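Just below is one structure, and these are the notes that go with it.
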């Protein structure tokens, strides 16, 4: 009897994992759109814009249904981006600004992986080295959030104290980068090294728009002495780097993030990097290994603000640009 029950439990778990998400009924698109508008407090200037957004919404419902049919390990759904074209989301909610394929602002790290094994799963959140999910809003400042996420982790590891650092300081003051029009994490680290450090989130709060620089050196809570890069790292080695170094600032291609709702994102589109995020851990579910990535689109997106990306595929081109600050 026990064996039968165990078999049923295993089968049920497998069925839940592989079952596709129920498709959205396009005949109910009007109702779904009304619910979407209320939930996300959407405001349109005139009826023509509302109709345009509704048409985009229906197109995205089709795309979401298609992705749910084709995916074995991830689910896709309606979120605050569902009335926007891909190009709009990338312009307003990502950020990276590359002059070349990858950022060369940080020198290559001298890292020897050694022969010691790493844990089967690891998550810097469990070590209390990752701050809560933040939201960049309609400002192309992902580079600043990726950079501060790495700085917060490095500071917490070194000083055993987790503090939230200011993205707005970087947006307003970092002349290596371009505020809400994009930037690069390595360039942000270089600016902080040259200009005295970073203030706390509470002293220099986020506004989601470009502003006049109000940096006060007397309020600096962390300083930077340099940065290192792990670009193009093998994913097995990357696990060792993550465990030994801390949360890592990485660039990704975020095209497949837009409609993501949960699960493990498989076959994530590679190509050009357009978004900065934070790599915080890895794990395995039903024999599918994955990376854990912290995003900056609020807790209403993905898995409470996080996305899991299947490992050993270089999914989303996540190994192309990997940097970490050296915090004093």
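In mature numbering (1 follows the signal peptide of the UniProt record, and there is no 0), the protein residues as written are -18 to -1, 1 to 310.
Ideal Cβ positions, reconstructed from N, Cα and C, are used throughout, including at glycine.
Remember, it's a predicted structure, so these values are computed and weren't measured experimentally.
Outcome for residue 141 when other beta-carbon atoms lying within 10 angstroms are tallied against a minimum of 16: The residue is exposed, with fewer than 16 neighbouring Cβ atoms inside 10 Å.
Distance CB(residue 239)-CB(residue 230) smaller than 9 Å: No, the Cβ-Cβ distance between residue 239 and residue 230 is not below 9 Å.
Pairwise C-alpha distance: residue 182 and residue 281: Cα to Cα, residue 281 sits roughly 21 Å from residue 182.
Nearest candidate by alpha-carbon position, reference residue 214, set 106, 297, 39: Of 106, 297, 39, the residue nearest in Cα terms is 297.
Length of the line joining the Cα atoms of residue 250 and residue 50: The alpha-carbon atoms of residue 250 and residue 50 are separated by roughly 14 Å.
Residue from 253, 304, 276, 223 whose Cα sits closest to the Cα of residue 100: Looking from the CA of residue 100, the closest CA among 253, 304, 276, 223 belongs to 223.
Complete runs of the beta strand (DSSP E) confined to the region 165 to 242 [at least 3 residues]: Taking only runs of at least 3 residues, the beta strand (DSSP E) segments lying wholly in the region 165 to 242 are 202 to 204, 206 to 211, 230 to 234.
Supposed close pair residue 307, residue 206 - CB separation, criterion 8 Å: About 5 Å; that satisfies the 8 Å criterion.
Proximity to residue 67 [Cα-Cα], best of 26, 38, 164, 192: Ranking 26, 38, 164, 192 by CA distance to the CA of residue 67 puts 38 first.
Span of the beta strand (DSSP E), counted from its first residue to its last, around residue 270: Where residue 270 is concerned, the enclosing beta strand (DSSP E) stretches over 270 to 276.
Whether residue 271 touches residue 242 by CB criterion (9 Å): The Cβ atoms of residue 271 and residue 242 do not sit closer than 9 Å to each other.
Residue 309 to residue 129 span [Cα, whole Å]: Computed Cα separation, rounded: 12 Å.
Span of the beta strand (DSSP E), counted from its first residue to its last, around residue 290: Counting along the chain, residue 290 sits inside the beta strand (DSSP E) bounded by residues 288 to 292.
Outcome for residue 257 when other beta-carbon atoms lying within 10 angstroms are tallied against a minimum of 16: Buried, because 16 or more other Cβ atoms sit within 10 Å of the Cβ of residue 257.
Every unbroken beta strand (DSSP E) within the region 9 to 60, with a cutoff of 3 residues, ordered by chain: Fully enclosed beta strand (DSSP E) runs of 3 or longer: 56 to 58.
Straight-line gap, residue 144 to residue 20 (C-alpha atoms, nearest Å): Between residue 144 and residue 20, the C-alpha separation is close to 36 Å.
Member of 284, 89, 261, 279 whose CA lies at the smallest distance from the CA of residue 245: Residue 245 has its Cα closest to that of 284, out of 284, 89, 261, 279.
Contact the region 196 to 210 vs the region 7 to 26: 3+ CB pairs below 8 Å: They do not touch, by the three-pair rule.
C-beta contact flag for residue 136 and residue 228 at 9 Å: Yes. Within cutoff.
Limits of the alpha helix (DSSP H) - the one that residue 153 falls within: From DSSP, the alpha helix (DSSP H) with residue 153 extends over 149 to 155.
Residue interval of the beta strand (DSSP E) (run including residue 266): Its beta strand (DSSP E) spans residues 257 to 267.
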